[in-house]
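Asks: Have a look at the structure that comes next, please.
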Amino acid sequence: MSVRQIRMFGDPSLRGVAEPVTTFDRSVRDLVRVLTATMRAGTGRAGLAAPQIGVPLRVIAFEVDGRAGHIVNPRLEVSGRLLRADEACLSAPGMWWPLERSFAAVARGRDMYGKPITVRAIGTLARVLQHEADHLDGVLFIDHLPEEERERFLAAIP
Numbered sequence: 049m050s051v052r053q054i055r056m057f058g059d060p061s062l063r064g065v066a067e068p069v070t071t072f073d074r075s076v077r078d079l080v081r082v083l084t085a086t087m088r089a090g091t092g093r094a095g096l097a098a099p100q101i102g103v104p105l106r107v108i109a110f111e112v113d114g115r116a117g118h119i120v121n122p123r124l125e126v127s128g129r130l131l132r133a134d135e136a137c138l139s140a141p142g143m144w145w146p147l148e149r150s151f152a153a154v155a156r157g158r159d160m161y162g163k164p165i166t167v168r169a170i171g172t173l174a175r176v177l178q179h180e181a182d183h184l185d186g187v188l189f190i191d192h193l194p195e196e197e198r199e200r201f202l203a204a205i206p
């Protein structure tokens, strides 16, 4: 399976709202495989959303602490308990920044064949699911930072 180029911060395709998948055909299965291969080839490799490779569809792939998978059309429910931890993005390689996110999340959606799936997550996997779901709505993790920190982050991008 081919590895695709990841779009970098500043690319307008990262700011669009992804469309829901309505037909579960071979193209969706191919997209999941390409997302997974591209994610695994990158530095960090915890998760990747379809818009990050220029595909405006609601599909994410993840691999954290031995749990790997994908979710098509994910919907998240997050806990009220928050945890501050470093966060990074394959669209800004080498950059880490502390960010507060919910400690636990439940993601519901479909697999690549259209079957319902639920992923219950805590800690790092919950953070990754929230981060990738944000990408589907054109939200970058720096959008959650206070303006002053966001400006420092953007100034630090090589």
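Residue numbers for the sequence shown follow our numbering, beginning at 49 and rising by one. We put the beta carbon where it would ideally sit given N, CA and C, even for glycine.
With a CB to CB cut of under 6 Å and the five nearest residues on each side skipped, what residues in its chain are close to R132?
Replies: Result list for R132: P146 and E148, in chain order.
Asks: Would DSSP call S61 helix, strand or coil?
Replies: helix
Asks: Can you say whether R123 is buried or exposed, counting buried as having 16 or more other CB atoms within 10 angstroms of its CB?
Replies: Result: exposed.
Asks: May I have the straight-line CA-CA distance separating E197 from V65, to the nearest angstrom?
Replies: 24 Å
Asks: Taking DSSP as the reference, what is the three-state secondary structure of D73?
Replies: coil
Asks: Which runs of the beta strand (DSSP E) spanning at least 3 residues fall entirely within the segment 140-185, listed in chain order?
Replies: 144-150, 152-158 and 164-170
Asks: When the Cα of E67 is compared with those of A89, G95, D78 and I108, which residue comes out closest?
Replies: I108
Asks: Enumerate, from N- to C-terminal direction, the unbroken beta strand (DSSP E) stretches of 3 or more residues contained entirely within the segment 106-130.
Replies: 107-112 and 115-126
Asks: Have a look at the DSSP bridge pairing and note the partners of G95.
Replies: Beta-bridge analysis with DSSP links G95 to F110.
Asks: Leaving out five residues before and five after V112 in sequence, what residues of the same chain have Cβ atoms less than 6 Å from its Cβ?
Replies: A94, T172, L173 and V176
Asks: Per DSSP, which residues does D134 bridge with? Please list them.
Replies: P146
Asks: With distances taken Cα to Cα, identify the nearest neighbour of R120 among E195, V76, I190 and F201.
Replies: Here residue 120 is Val; the residue named in the question, Arg, does not match the sequence. Closest option to V120, Cα to Cα, is V76.
Asks: Tell me the rounded alpha-carbon separation between S127 and L138.
Replies: 25 Å
Asks: Can you tell me where the alpha helix (DSSP H) holding F201 begins and where it ends?
Replies: E195 to A204
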